[in-house]
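Shown next, in structure tokens, is the structure this report addresses.
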Amino acid sequence: MQQSAEGCDKTPRQASSNGPDPAPKVRRSAFQMHTAARVRHFSRFTDMTFLSSFLPGVVRRLIVGAVVALVLPGLAAVAGSTATASAYSRPGLPVETLMVPSAAMGRDIPVKFQGGGPHAVYLLDGLRARDDNSGWDIETAAFENYYESGLSVVMPVGGMSSFYTNWQQPAVGNGTTYTYQWETFLTSELPAYLSANEGVSPTGNAVVGLSMSGSSALILAAYHPGQFRYAASLSGFLNLSEGLWPTLVGFAMRDAGGFDATAMWGPGGSSAWQRNDPTANVGRLVSNGTRIWVYCGSGRPGDLGGGGDIPAQVLESITLDSNKNFQRQYQAAGGSNGTFNFPANGTHGWGYWGSQLNAMKGDIQRTLGA
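Yeah, the sequence shown ends on 450 if you go by the numbering used here, and it's all consecutive.
So this is what it looks like as structure tokens:
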């Protein structure tokens with residue numbers, strides 16, 4: 081298995097503002113420890129956090145959840161946020177906006193596209209995805225870096241708080257009622273359109289997600305291995321059905337557009353949450369032979385920004401544990417086709433994600449035969 085502790089392109093990109101428990105029979109989860117440590121360091125809740133370490137597990141989880149809820153609006157604001165709709169990519173690149181009909185979603189979906197070869201890299205956006213452009217184009221040099229790489233680049237536009245999944249009920253938020261059937265669009269309608277109109281194969285492609293869509297990328301590859309031979313998660317939440325994660329996801333979605341997570345997958349911990357949890361589906365990724373790339377920073381600012389962005393530091397720190405747990409479960413299931421990159425620095429921001437996308441380019445080219 082390839083594993084790297086660094087391996088990052090250090091060329092700066094634009095960064096968006098966008099142990100045992102003291103109680104003898106109660107162990108603190110790594111998630112709780114990371115969260116409590118960050119809250120102690122970055123907030124005024126030190127006394128409450130200190131007292132919580134001596135309380136029974138259920139009470140402590142409630143307190144940690146309440147503290148996280150208080151800081152979560154700031155965290156949600158950096159979960160794949162975008163500050164402007166103007167593109168990062170330079171004029172002259174062969175980038176076009178396709179309007180792809182979707183019967184499943186009842187409207188045409190804009191897709192930013194750069195042709196480059198018969199296989200493509202699908203780039204999924206973050207929690208605050210805009211309806212007018214992809215964060216990947218706004219915040220990174222993705223089109224520039226993949227120009228003449230032998231790979232086409234596909235950026236679906238939109239999907240705020242969607243997790244790029246098929247919702248059980250209408251998605252009400254952002255002042256609109258959407259029909260969110262993103263998995264159907266991404267795995268059926270869009271590849272059919274690209275095959276017929278742009279010469280992109282519906283099989284043997286890559287999918288890359290960040291923050292919200294990190295888990296989406298792995299799940300799409302788990303259930304659609306013919307279409308996606310390669311999947312990458314950058315600062316993704318990889319154990320969505322476990323513990324406090326359904327609650328935290330619900331808080332974040334309400335803050336990002338006012339969406340209701342139960343309209344997506346029903347009550348937290350239900351079969352739909354399990355179905356969309358990458359850690360619960362490592363067996364599929366292993367048996368499929370999917371090539372995976374998993375990255376998460378530590379929350380400490382590095383060369384690519386985040387020094388003054390405390391929410392971005394906190395969110396990356398509490399996300400790291402789910403990534404390391406995913407790695408353990410993947411390896412325990414016999415997985416040996418992954419790169420896991422957990423460097424000493426890195427916050428929840430576009431500078432790091434753009435750097436990782438550039439760093440994995442050669443790996444994607446080799447895997448897809450570009």
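Beta carbons are placed, not taken as given, at the ideal position from N, Cα and C, and that holds for glycine. Predicted model only: the values in this text are computed from it and were never measured.
Throw me the rounded Cβ distance for the residue i and residue j pair, which I believe falls under 8 Å.
i: residue 448; j: residue 284; result: 6 Å
i: residue 450; j: residue 215; result: With 8 Å as the limit, residue 450 and residue 215 do not qualify as a contact, their Cβ atoms being about 24 Å apart.
i: residue 201; j: residue 226; result: 7 Å
i: residue 291; j: residue 318; result: In fact, because the Cβ distance is near 11 Å, the residues do not count as touching under 8 Å.
i: residue 417; j: residue 371; result: 5 Å
i: residue 246; j: residue 263; result: 5 Å
i: residue 339; j: residue 241; result: 4 Å
i: residue 384; j: residue 288; result: That pair is no contact at about 17 Å.
i: residue 189; j: residue 265; result: 6 Å
Which stretch, first to last residue, makes up the alpha helix (DSSP H) that contains residue i?
i: residue 409; result: 390-412
i: residue 345; result: 341-345
Have a look at the options and flag the residue whose alpha-carbon is nearest the alpha-carbon of residue i.
i: residue 343; options: 202, 231 and 251; result: 251
i: residue 205; options: 339, 440, 319 and 430; result: 430
i: residue 325; options: 188, 186 and 354; result: 354
i: residue 174; options: 260, 233 and 248; result: 233
i: residue 356; options: 212, 365 and 321; result: 321
i: residue 347; options: 395, 178 and 249; result: 249
i: residue 236; options: 364, 210, 255 and 386; result: 210
i: residue 273; options: 171, 437, 386 and 179; result: 179
i: residue 261; options: 239, 362, 367 and 313; result: 239
i: residue 323; options: 228, 367 and 350; result: 350
Could you check whether residue j and residue i sit closer than 9 Å to each other, using their CB atoms as the reference points?
i: residue 432; j: residue 315; result: yes
i: residue 341; j: residue 378; result: no
i: residue 373; j: residue 412; result: no
i: residue 299; j: residue 358; result: yes
i: residue 380; j: residue 419; result: no
i: residue 301; j: residue 365; result: yes
i: residue 217; j: residue 169; result: yes
i: residue 187; j: residue 259; result: yes
Under DSSP, the beta strand (DSSP E) around residue i begins and ends at which residues?
i: residue 314; result: 308-314
i: residue 418; result: 418-421
i: residue 224; result: Note, residue 224: premise wrong, no beta strand (DSSP E); alpha helix (DSSP H) at 222-225.
i: residue 176; result: 175-182
i: residue 257; result: 256-258
i: residue 235; result: 232-236
i: residue 332; result: Residue 332 -> not in any beta strand (DSSP E); alpha helix (DSSP H) instead, spanning 325-335.
Open item on the list: So, does the segment 216-224 touch the segment 304-322, judging by three or more C-beta pairs under 8 Å?
Closed with: no
Open item on the list: Check whether the segment 266-282 and the segment 195-206 are in contact - that is, three or more C-beta pairs closer than 8 Å.
Closed with: yes
Task: Contact the segment 432-447 vs the segment 400-407: 3+ CB pairs below 8 Å - done: no
Task: Segment contact flag, the segment 321-337 with the segment 384-392, C-beta cutoff 8 Å, min 3 pairs - done: no
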